[in-house]
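Visitor:
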Amino acid sequence: MAQPQVPVTVLTGYLGAGKTTLLNRILSEQHGKKYAVIVNEFGELGVDNDLVVNADEEVFEMNNGCICCTVRGDLIRIIEGLMKRKDKFDGILVETTGLADPGPVAQTFFTDDEVKAKTRLDAIVTVVDAKHFLGQLEQGDEAEEQVAFADVILLNKTDLVSEDELKKVEGKINSINRYAHIFRTQKSQIELSAILDKGAFDLKRILEFEPDFLHHGHEHDHEEEVKSLSLTADRPVDPDRFQKWMGALLQLRGPDIFRSKGILAIDGAPRRYVYQGVHMMMDSDWGTPWKEGEKRFSKLVFIGRNLDGENLQRGFNDCLK
Amino acid sequence: MKLDLSNPAWHQTLPPGRAVAGDAPVAACAFSKDGSIAAFALGDGRVRLLPGDINAGETPAAEPLHGGVVLALVGDPAGDGFVSGGDDGRLLRIATDGTASEIVNQKGKWFEHVAGHRATGAVAASAGKTAFVAKGGEVKEFGPHESTVAGLDFSKDGSRIACAHYGGVTVWSIGQVTLPPRKFVWRGSHVALKWSTDGKFIATGTQENDIHVWRMAQATDMRMQGYPAKVKSLSWTADARFLYTSAQPVFTAWPFSGKGPEGKPPLQFGEEGAGLISVVAAHPAAEFVAGGYDSGELQLGDIKTRRSVVLKMADGSAITGLAWSPDGYKLAVGNEAGTLLVLDLRR
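Here it is, written out as structure tokens:
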């Protein structure tokens, strides 16, 4: 029997950014919805609620030997267990610890068939501490990577910084990941509908949100930095050549590419071809049909480290008819 | 045994039995030691008890014993009732009247796996990375393992338990003398475990859609690949000649008699289901087997004659629990839609 897939929101953010505050609100507020919350530190949440599940961030590598194919085994078990409940959930939230790489969590939803059948990854939400974000960037890769993975960013604690500082932080976030929605918040106050069940990972809706600036050779190009870029094409894409190129690219560069998304006008196909990836795992589907007379185009988005835009565009151009 | 598992009439009508609406998904089912009660672990915290005698009066609906889902259930090896584990972190001993007493409480963890050993009366259960063995009022801890225990079982004589986890299996001696645990290593995540009924092999199902089997005596191991899904259900025949595995559209049994299964294909028989076998249970005494499908069918087979019969359950919901009564005449079946069924297969 086909049951609707339960949307899963992955919540990341540096220590102290406000994840726990947000989770407490989701668990205690009257919103008429039922969410299961998978946390790492049971004690941290002030509420004693049987919808809170303790996880251990148990990461293991799949046996194909690829370092990118690490998944969270505890999540697989917990989601299977939650699905045995009589009362179904409106959504599941997965909190990652402040220093964890969100990759394995996201990859779990691409890898395990049972998890895929019963749940869908809805969005990766990253809580950013407006006051400390720039400092955290200096302390390691975590803060930067969490922003790179995000579909939605809560720029939190905006009351603790000036408008100028906020603009600076937003500029930095944009330079890492210009494809995430940014919401300014205080004390993690946000309409839950803005972050939950958004379908940000929904392939059919992918790239509906288009930043109004296109990006080519941005002002600074330090290759070590995480950045986002997009490739576009007006000519139709040859599916075989694209598959070969993308497959090889993710195989080779998977560790550096945090997210990739795309919408393609495949030669001769009546519908949009859409895909969504985390590191080297990806999922694709046919999206909405092209309308009569509509200008067909393709667009790819990469968020990652050491991205060479010109090289990528050249590779993509070779896939065009 | 006088069972007629390939009775063609059962294609049309189920064997004599009792069907009850459980009102919650079934996570597991079990019979009590004497076979007089069938129990069903439900997704709302209840353990529903039904008389093994399909003509006896029905027992009243039970109250929830666990806070959330009852994740694991076995017949109590030391009593007339059952032992259950739940996602409320409690391991409970359930009496025949449905009342419960707590054996262990691990708040914040889930009791996901429970096994019983009839001859010694010991119960083994796991919550998180730790296994617990309860025997004669005493509870001992084993672990923590490197990751959450994802399957456990007793050795044939009940002197050891095996726990599956990332990277392989750990075997603990649970007797009075404390011995260092023995490790059987194979990379990856192991998600199910069954010790062979003759004690010679330990089989696991892995996250990578294969099964792994260790030969205890030589500590050699083998790997069987090619399943389309994770093998979550393993069942050894009573004589340990075959290991049945789920995740195939027909009965799939690896031969372990003689030189073992290396280089041999598994024995496959039965009708192809619409989906895959989700739960498989070898008969406790004879050459029969029961398989429940994720597409809702129930199939009974006889490995000797390779004959089988498919029973169409009314609602087509995935079968999630199967248990034979100890005497092998009754079969308890539960599914995701919450149908509880006790079949009487006596000819």
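Those protein sequences? They're chains A and B, same order as listed. In short: position in the first sequence from 1, add 11, done, that's our numbering. In short: position in the second sequence from 1, add 661, done, that's our numbering. We treat Cβ as the ideally placed atom computed from N, Cα and C, and that holds for glycine.
(1) Helix, strand or coil for E91/A, going by three-state DSSP, please let me know.
(2) In three-state terms, what does DSSP make of G346/A?
(3) Tell me the rounded alpha-carbon separation between G228/A and G320/A.
(4) Assuming L1002/B and A680/B make a contact with CB atoms under 8 Å, what is their CB distance in whole Å?
(5) If you run the structure through DSSP and keep just helix, strand and coil, what is E72/A?
(6) Note down, in chain order, each residue of its chain lying with its Cβ closer than 7 Å to the Cβ of E230/A, except the 5 sequence neighbours on either side.
(7) Any beta carbon from chain A within less than 8 Å of V892/B's own beta carbon?
(8) Does the stretch 17 to 24 of chain A come within contact of the stretch 194 to 212 of chain A, defined as at least 3 CB pairs closer than 8 Å?
(9) From what residue to what residue does the beta strand (DSSP E) around E106/A run?
(10) In angstroms with no decimal places, state the Cα-to-Cα distance between Y990/B and G919/B.
(11) Please report whether the beta-carbon of F71/A lies at a distance below 8 Å from any beta-carbon of chain B.
(12) So, does the CB of K127/A fall closer than 8 Å to a CB anywhere in chain B?
(13) Contact between the stretch 126 to 133 of chain A and the stretch 760 to 780 of chain B: three or more CB pairs below 8 Å?
(14) Since L732/B meets chain A, which of its residues come closer than 9 Å, beta carbon to beta carbon?
(15) Classify N996/B as buried or exposed, calling it buried when 16 or more other Cβ atoms lie within 10 Å of its own Cβ.
(16) Looking at the strands, I want to know which residues DSSP matches up with C690/B.
(17) Indicate the three-state DSSP secondary structure (helix, strand or coil) for F160/A in the structure shown.
(18) Let me check understanding here. Comparing Cα to Cα, which of N870/B, V838/B and F845/B lies closest to Q879/B?
(19) Flag this pair as yes or no: are the beta carbons of G819/B and A780/B separated by less than 8 Å?
(20) Considering only their Cβ atoms, is the gap separating G273/A from V312/A smaller than 8 Å?
(21) Can you pull the chain A neighbours of Q868/B, defined as C-beta to C-beta under 9 Å?
(22) Determine the contact status of H806/B and K790/B, defining contact as a CB-CB distance below 8 Å.
(23) Listing by chain order, which chain A residues have their CB less than 8 Å from the CB of Y827/B?
(24) Can you look up Q287/A in the DSSP assignment and give me helix, strand or coil?
(25) Go to L972/B, then tell me how far its beta strand (DSSP E) extends in each direction, as first and last residue.
(26) Nearest by alpha-carbon distance to I698/B: which of V852/B, T865/B and R709/B is it?
(27) Return the first residue and the last residue of the alpha helix (DSSP H) that Q262/A is part of.
(28) Identify whether K129/A lies in helix, strand or coil by the three-state DSSP scheme.
(29) Could you check the C-alpha separation between K855/B and A942/B for me, to the nearest Å?
(30) Against N65/A, what residues of chain B qualify as contacts under a CB-to-CB distance less than 9 Å, listed in chain order?
Guide: Considering the structure as presented:
(1) Translated into the one-based positions of the first sequence, residue 91/A becomes position 80. Helix.
(2) Past the boundaries of the shown model lies residue 346/A; chain A is included only from 12 to 332, so the question cannot be answered.
(3) The count along the first sequence starts at 1 and reaches residue 228/A at position 217. The count along the first sequence starts at 1 and reaches residue 320/A at position 309. Unreliable positioning characterises G228/A in this predicted model, as indicated by a pLDDT of 42, which lies under 50. The coordinate reading is nonetheless provided below. So the alpha carbons of these two residues sit roughly 7 Å apart.
(4) In the second sequence, the residue the question calls residue 1002/B occupies position 341. In the second sequence, the residue the question calls residue 680/B occupies position 19. Rounded, the Cβ-Cβ distance is 5 Å, consistent with contact.
(5) Reading the first sequence from its first residue, position 61 is the one you call residue 72/A. Of the three classes helix, strand and coil, the one that applies to E72/A here is strand, per DSSP.
(6) By 1-based counting over the first sequence, the position of residue 230/A is 219. A caution first: E230/A carries a pLDDT of 44, below 50, which makes its placement in the model unreliable, though a value can still be read off. No residues qualify anywhere along the chain.
(7) Within the second sequence, the letter at position 231 stands for residue 892/B. V892/B does not count as touching chain A.
(8) yes
(9) If you number the first sequence from 1, residue 106/A lands on position 95. Start and end: G102 to E106.
(10) To locate residue 990/B, count along the second sequence from 1; it is residue 329. To locate residue 919/B, count along the second sequence from 1; it is residue 258. Cα to Cα, the separation comes out at about 29 Å.
(11) For the purposes of this step, residue 71/A is identified with residue 60 of the first sequence, where counting begins at 1. Yes - at least one Cβ of chain B is within 8 Å of the one on F71/A.
(12) The count along the first sequence starts at 1 and reaches residue 127/A at position 116. For K127/A, the answer is no, since every Cβ of chain B falls outside 8 Å of its Cβ.
(13) no
(14) Walking along the second sequence from the start, residue 732/B turns up at place 71. Neighbours of L732/B on chain A, chain order: G92 and K95.
(15) Position 335 of the second sequence, counted from the first residue, corresponds to residue 996/B. Burial call: buried.
(16) By 1-based counting over the second sequence, the position of residue 690/B is 29. DSSP, once it has assigned bridges, lists F701/B as partnering C690/B.
(17) The sequence position of residue 160/A within the first sequence is 149, counting from 1. In the structure shown, F160/A sits in a helix (DSSP, three-state: H, G or I).
(18) Walking along the second sequence from the start, residue 879/B turns up at place 218. For the residues N870/B, V838/B and F845/B, the minimum Cα distance to Q879/B belongs to F845/B.
(19) Numbered from 1 along the second sequence, position 158 holds the residue referred to as residue 819/B. Numbered from 1 along the second sequence, position 119 holds the residue referred to as residue 780/B. Contact: yes.
(20) Sequence index remark: in the first sequence, residue 312/A carries index 301 (1-based). Sequence index remark: in the first sequence, residue 273/A carries index 262 (1-based). Result yes, Cβ atoms of V312/A and G273/A sit closer than 8 Å.
(21) Counting from one through the second sequence, the residue named residue 868/B turns up at place 207. Within 9 Å Cβ-Cβ: F71, M73, N74, V82, G84, I87, T122 and D123.
(22) Counted from its first residue, the second sequence places residue 806/B at position 145. Counted from its first residue, the second sequence places residue 790/B at position 129. Yes; because the gap between Cβ atoms is below 8 Å, this pair is in contact.
(23) Residue 827/B sits at position 166 when you count from the first residue of the second sequence. What Y827/B touches in chain A: E69, F71 and G84.
(24) Position 276 of the first sequence, counting from 1, holds the residue named residue 287/A. Three-state result, Q287/A: strand.
(25) Here the question's residue 972/B lines up with position 311 in the second sequence. It spans R968 to K973 - the beta strand (DSSP E) in which L972/B sits, taken as one unbroken run.
(26) In the second sequence, the residue the question calls residue 698/B occupies position 37. It is R709/B whose Cα lies nearest to the Cα of I698/B.
(27) Taking the first residue of the first sequence as 1, we reach residue 262/A at position 251. First-last of the alpha helix (DSSP H) with Q262/A: P250 to R264.
(28) Taking the first residue of the first sequence as 1, we reach residue 129/A at position 118. If DSSP states are grouped into helix, strand and coil, K129/A belongs with the helices.
(29) In the second sequence, counting from the first residue as 1, residue 855/B sits at position 194. In the second sequence, counting from the first residue as 1, residue 942/B sits at position 281. Each residue's alpha carbon lies about 12 Å from the other.
(30) Taking the first sequence and counting its residues from 1, one reaches residue 65/A at position 54. Neighbours of N65/A on chain B, chain order: G769, K770, W771 and G789.
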